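One structure is given here, and the rest of the page talks about it.
In this note's numbering, the protein residues as written are 77 to 184.
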């Protein structure tokens, strides 16, 4: 007869002194003071998810420098429309990151 693997919860419990991968990465980022750069890179990488596909499709360049987000669009009407909603964009970005990462947005 074939033996089947039986799930045993006691073998799955985390041993004392160990941490999850997320905790280890967070500790690493804090140790090397890279959390702010990681958050800035995360904003650029997740721009489409934060702002939506129509806006991301019109974005030609995006980068963060010293807590200021620089965004370039290929559509002047879109740029003017987003200029009016600058504070909402800042709060939306900071909310998605989970902390105060962006203080200003500049549309190029």
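Just so it is clear, CB atoms sit at the ideal spot from N, CA and C, and this is done for glycine as well.
Quick caveat: nothing in here was measured; it's all calculated off a predicted structure.
- Between the region 168–179 and the region 134–146, the count of Cβ pairs shorter than 8 Å is three or higher; the stretches touch.
- Taking the C-beta atoms as reference points, residue 140 is found no nearer than 8 Å to residue 126.
- If you ignore the 5 residues before and after residue 136, its C-beta comes within less than 6 Å of the C-beta of 148, 150, all in its own chain and listed in chain order.
- Annotation for residue 155: 149, 183 place their beta carbon closer than 7 Å to its own, counting only its chain and skipping 5 residues before and after.
- Excluding sequence positions up to five before and after residue 111, its CB lies within less than 7 Å of the CB of 105, all in the same chain and listed in chain order.
- For the 8 Å CB-CB criterion, residue 102 and residue 175 do not form a contact.
- For residue 180, the three-state secondary structure derived from DSSP is strand.
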